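S.K.: Okay, handing you the structure first.
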Amino acid sequence: MKKTYLFVLFLFFYLSNIQACISVTDLKCENLKNPVAINNVIPHFSWKIKIDRAGARQVYYEIQVASDSMSLINGKADLWNSGKTKSATSVMTPYNGKPLSSRSLCYWRVRIWDDKGKASGWSETARFGIGILNNTMQGHYIGLSADAGNIGSPILRKSFTIDKKAISFLHVNSLGYHEVYINGEKVSDDVLSPAVSQLNKRSLIVTYDITPYIKEGENDLVLWLGKGWYKKTTFGAAYDGPLVKTQLDILQNGKWNTLLTTDSSWKGAPTGYTDTGTWQALQFAGERIDMRQIPGSLKKATLDNMKWYPVEIIAVPEHLATPEMSEPNKIQKTYAPVNITQLDNTTWLVDMGKNLNGWFEMRMPILASGHEIKMEYTDYIDKEGTFHDQGQSDSYISAGRNNEVFCNKFNHHAFRYIKIYNLPIEPRKEDIKAHLIHTDYKETSSFECSDPDLNAIHDMIQYTMRCLAFGGYMVDCPHLERAGYGGDGNSSTETIQTMYDMAPLYTNWMETWGDSMREGGSLPHVGPNPGAGGGGPYWCGFMVMAPWQTYLNYGDTRLIEIYYPYMKEWLKYVEKYTVDGLLKRWPDTKYRDWFLGDWLAPMGVDSGNELSINLVNNCFVSDCFATMEKLAMILGKPDEAKEYAMRKDNLNKLLHTTFYKQEESMYSTGSQLDMTYPMLVGVTPSDIYPQVRNQLINLTSKNHNDHIAVGLVGVPILTKWCIENKEVDFMYKMLKKRDYPGYLHMIDNNATTTWEYWSGERSRIHNCYNGIGIWFYQAIGGLRTDENNPGYKHVFIEPQIPEGVTWAKTTKESPYGTIGVDWELRDKNLIMKVTLPPGCTASVIIPENAKSYMLNNKTIGKNNKAVNIESGSHNIDIQLN
-18 MKKTYLFVLF LFFYLSNIQA CISVTDLKCE NLKNPVAINN VIPHFSWKIK
32 IDRAGARQVY YEIQVASDSM SLINGKADLW NSGKTKSATS VMTPYNGKPL
82 SSRSLCYWRV RIWDDKGKAS GWSETARFGI GILNNTMQGH YIGLSADAGN
132 IGSPILRKSF TIDKKAISFL HVNSLGYHEV YINGEKVSDD VLSPAVSQLN
182 KRSLIVTYDI TPYIKEGEND LVLWLGKGWY KKTTFGAAYD GPLVKTQLDI
232 LQNGKWNTLL TTDSSWKGAP TGYTDTGTWQ ALQFAGERID MRQIPGSLKK
282 ATLDNMKWYP VEIIAVPEHL ATPEMSEPNK IQKTYAPVNI TQLDNTTWLV
332 DMGKNLNGWF EMRMPILASG HEIKMEYTDY IDKEGTFHDQ GQSDSYISAG
382 RNNEVFCNKF NHHAFRYIKI YNLPIEPRKE DIKAHLIHTD YKETSSFECS
432 DPDLNAIHDM IQYTMRCLAF GGYMVDCPHL ERAGYGGDGN SSTETIQTMY
482 DMAPLYTNWM ETWGDSMREG GSLPHVGPNP GAGGGGPYWC GFMVMAPWQT
532 YLNYGDTRLI EIYYPYMKEW LKYVEKYTVD GLLKRWPDTK YRDWFLGDWL
582 APMGVDSGNE LSINLVNNCF VSDCFATMEK LAMILGKPDE AKEYAMRKDN
632 LNKLLHTTFY KQEESMYSTG SQLDMTYPML VGVTPSDIYP QVRNQLINLT
682 SKNHNDHIAV GLVGVPILTK WCIENKEVDF MYKMLKKRDY PGYLHMIDNN
732 ATTTWEYWSG ERSRIHNCYN GIGIWFYQAI GGLRTDENNP GYKHVFIEPQ
782 IPEGVTWAKT TKESPYGTIG VDWELRDKNL IMKVTLPPGC TASVIIPENA
832 KSYMLNNKTI GKNNKAVNIE SGSHNIDIQL N
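Structure (structure tokens):
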């Protein structure tokens, strides 16, 4: 009896205290993991919650911030203790403690309480630092003295002594690329640092925690520099060689002490690296590497035997120097060659099997000292075997030693094929590698469905984005122009932000756009802006659209807050060139040319027609007005929101009366873009919307044989129109076309990345047509964001199922955790499994042809248009007519 009583008592206490396991994970500060040096004194904290109970949510949080990690573990939060704060916020929660300052080093942790009053344990302790702010970095910009000869890629050296090891940070502000070595060991696995910036306005400071690399006593610090973008041909460099300013700080007795800075006491030496390109469009060339001059190592014994030269202190024009806020570049994947073909006695063609952006590496056979080999790179060999020259090449000069290795260092290439000249010995596959390099963002999505063609298109686009986003920005192509075009950005931002965690990269990229604005609100087409680039309003308007999309995808208002004034200035510039209510062509400048509507539409589409250009550009202005209305409301500016709404309505009425051809039921030229953009932005009156829609379908069939018929601007517009109007069969039919123009045409012609032209001319690693990527997630997967609850806090789930597709599996790693939507058609039943993380809710839209439906095996009323669900896994069974 006593045993039974004790068991019942134990069971009672167990059941009364049973709770889902609660944990707090994935701590980020300013969307970065343990950042060493952020660029502001009011950081924002984010975390994810794991609770093994459906419907669970955060109700309270407590954040503790301390200046010492051990104090924090002991519960002494000397900088900030939020206390038990009632809030469901777990994304971008602002710091509200004691004032922080430049070079602060802080530790933080968080715990939460759920809706049942159960508390998590404390998270693991995370760390963040405040970088050097307000241009207070000490030291001078130095470069190798011209007396040394080749100053293009020098190593600069300084020794320092530490009596007692302590936390030590090295701040490096290089004009050009840099690598850091301490005691012969490379600090971090970062490559091609820092990220890009508008170098005549701003340079970036990269901060390294070098504590693990230093030792008590004497230490050797080496900075290996490369010119990168810092050239007279790009940003008007102040010196022919790369420059650097450095500050080494050590934390002693709770205070930072500066141990060394860059000054005239440093020494430098030339290396065997030479940059061979101007870095203007089509002139990125490569590197000349002379192994006879490359140091055998960067250890003290080797360095002491080298000849050293003085450094020069260089007067650099005043500009901002701010902490880098994007992740660094890293080698993300390494490929082995799939084939090596001998072309003649000393010429070889290497096929890596896949396009990539990054480095080529090769272990060389033993060659005579001074023997020179040349390597050319391309992303394209045509059916006739022609190797298309894209201006990418490297030279390698042997030192005559065994086990010499060539590898790029301060440049990169976009390629699949490498032609090697003057190599008398057959290269071995095992000696060759290609390294894919991009900014260290993480993949946050997956898509797969029953149609292998759709999977192939999705996978090509997803991989292409990895070749285009590096160095803290996204480019049109990595090899020919390497330019951060705003049009390419607008075309593919929603795609890349769906597929990857791009919040830090966009923070850096938008900074280059802000720095590129000229007086009067004029914007270039490219950010950063080292020279002129073609485009039009859709390109400049990246200033408006990128912060909005970043807000939608990550729930981060900072870019809106920072760049809203810039947006207003640009729209004033637009107004300056508005005639009788419509934007007309504005003048070319030294930093901007052309005035495009769509760009690189397929043959047979007259996208250069003035009627089309004016319609498309003014529809984009309407789009911007609509976005500005939303942004103004977010910022608490209702009067400005009202003004932008009025301007949009007025413009839309004018667009309809000016460009609509009633007898033909079409706008302007009747192209897919000319038809869809007016419908998308609200130009088309509701009473004629159906006939305009029908005319679009008819013209696509009649004029384009049901093919996609848009270019860079048109792809995302057509895609969004199809998603919003549930025209899934229309898009599906176009995507299934295997001849020109189309994505399957690319794939059937050996594409592994998307092309610049639908026909395959010029670049075959390009950002023209990647805007289609969102269709897989928002249409087939059915997962859409909610503008009123951004960052996937609330989502809409409504799969659009084309005839012939029977299942799809979609995941999205949101700021709150993983969202999953799996659906399958079984006869007349649509079976869905939806998974939501804590902090996220969803409305599952019921199809109009539903007879009945069940949620988690419970029948739901037939009149419901949507089923609202909370966190956890849910099974939805919909019987269709």
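Quick note on numbering: this note's numbering labels position 581 of the sequence shown as 562, and the sequence is numbered without any gaps. The beta carbon of each residue, even a glycine, is placed where N, CA and C say it ideally should be. Here the structure is a predicted model, which means the values were calculated and not measured.
Where do the N-terminal and C-terminal ends of the beta strand (DSSP E) with residue 356 fall, by residue?
M.R.: Per DSSP, residue 356 belongs to the beta strand (DSSP E) from 353 to 359.
S.K.: Closer than 6 Å by C-beta to residue 503: which residues in its own chain qualify, once you throw out the five before and the five after it? Chain order, please.
M.R.: 554
S.K.: Hey, quick one: how far does the beta strand (DSSP E) through residue 439 stretch, first residue to last?
M.R.: Looking at the DSSP string, residue 439 is not in any beta strand (DSSP E); the run it does join, the alpha helix (DSSP H), is 433 to 449.
S.K.: With burial defined as no fewer than 16 other Cβ atoms inside 10 Å of the residue's Cβ, what is the status of residue 10: buried or exposed?
M.R.: buried
S.K.: Have a look at residue 535 and residue 340 and give me their C-alpha separation to the nearest angstrom.
M.R.: 31 Å
S.K.: So residue 849 is in the beta strand (DSSP E); what residue range does that whole segment cover?
M.R.: 847 to 850
S.K.: Measuring CB atoms only, is the segment 505 to 525 touching the segment 478 to 488, in the sense that at least three cross pairs come out at less than 8 Å?
M.R.: no
S.K.: Applying the 10 Å Cβ sphere with the 16-neighbour rule, what's the burial state of residue 862?
M.R.: exposed
S.K.: For residue 367, count the other beta carbons within 10 Å of its own beta carbon; 16 or more makes it buried, fewer makes it exposed. Which is it?
M.R.: exposed
S.K.: To the nearest angstrom, how far is the alpha carbon of residue 736 from that of residue 748?
M.R.: Annotation: residue 736 to residue 748 spans about 7 Å, alpha carbon to alpha carbon.
S.K.: Please state if the CB of residue 316 and the CB of residue 335 are separated by a distance shorter than 8 Å.
M.R.: yes
S.K.: Using the Cβ count rule (16 or more neighbours within 10 Å means buried), how would you classify residue 478?
M.R.: buried
S.K.: Pick helix, strand or coil for residue 749, following the three-state DSSP scheme.
M.R.: coil
S.K.: Using only CA atoms, which one of 758, 93, 630, 382 lies nearest to residue 275?
M.R.: 382
S.K.: Could you tell me the alpha carbon to alpha carbon distance between residue 668 and residue 707, rounded to whole angstroms?
M.R.: The alpha-carbon atoms of residue 668 and residue 707 are separated by roughly 19 Å.
S.K.: Should residue 489 be counted as a contact of the ligand HEM given a C-beta to heavy atom distance under 7 Å?
M.R.: The model on display carries no ligand, and the ligand HEM is accordingly not part of it.
S.K.: Can you tell which of 408, 370, 379 has the C-alpha that lies nearest to the C-alpha of residue 394?
M.R.: 370
S.K.: Counting only C-beta atoms, is residue 738 closer than 8 Å to chain C at any point?
M.R.: Of the chains in the structure shown, none is chain C; there is only one protein chain.
S.K.: Among 653, 327, 20, 37, which one has its Cα closest to the Cα of residue 797?
M.R.: 37
S.K.: Decide if residue -17 is buried, meaning its Cβ has at least 16 other Cβ atoms within 10 Å, or exposed.
M.R.: Its pLDDT being 46, under 50, residue -17 is placed unreliably by the model, and nothing is read from it.
S.K.: Between the alpha carbons of residue 286 and residue 351, how many angstroms are there, rounded?
M.R.: 22 Å
S.K.: Just to confirm my understanding: we take residue 329, look at its own chain, exclude 5 residues before and 5 after, and list those with CB closer than 8 Å. What are they?
M.R.: 321, 322, 323, 400, 401, 404, 407, 408
S.K.: Classify residue 465 as helix, strand or coil using the three-state DSSP reduction.
M.R.: coil
S.K.: Out of 343, 542, 664, state which residue places its alpha-carbon closest to the alpha-carbon of residue 389.
M.R.: 343
S.K.: Please report the straight-line C-alpha distance between residue 701 and residue 587, rounded to a whole angstrom.
M.R.: Approximately 22 Å between the Cα atoms of the pair.
S.K.: Are at least three pairs of beta-carbons, each pair with one atom in the segment 49 to 58 and one in the segment 85 to 97, less than 8 Å apart?
M.R.: yes
S.K.: DSSP on residue -11, reduced to helix/strand/coil?
M.R.: Its pLDDT being 38, under 50, residue -11 is placed unreliably by the model, and nothing is read from it.
S.K.: Cβ of residue 249 within 8 Å of Cβ of residue 210?
M.R.: no
S.K.: Between 301, 272, 629, which lies nearest to residue 348 when the distance is taken from Cα to Cα?
M.R.: 272
S.K.: Tell me the residue span of the beta strand (DSSP E) that contains residue 6.
M.R.: For residue 6, the uninterrupted beta strand (DSSP E) segment begins and ends at 3 to 10.
S.K.: Give the DSSP-derived three-state secondary structure of residue 312 in the structure shown.
M.R.: In this structure, residue 312 counts as strand in the three-state DSSP scheme.
S.K.: Could you tell me which of 41, 201, 838, 775 sits nearest to residue 278, measuring between CA atoms?
M.R.: 201
S.K.: Here's the rule I'm using: 16 or more other beta-carbon atoms within 10 Å means buried, otherwise exposed. How should residue 781 be labelled?
M.R.: buried
S.K.: Using a Cβ-Cβ cutoff of less than 6 Å, which residues in the same chain neighbour residue 574 once the five nearest sequence positions on both sides are dropped?
M.R.: 513, 515
S.K.: Going by C-alpha distance, which of 378, 338, 331 is nearest residue 354?
M.R.: 378
S.K.: Could you tell me which whole beta strand (DSSP E) segments of length 3 or greater appear in the segment 116 to 203?
M.R.: Counting only runs of 3 or more, we get 123 to 125, 136 to 143, 149 to 156, 158 to 163, 183 to 190.
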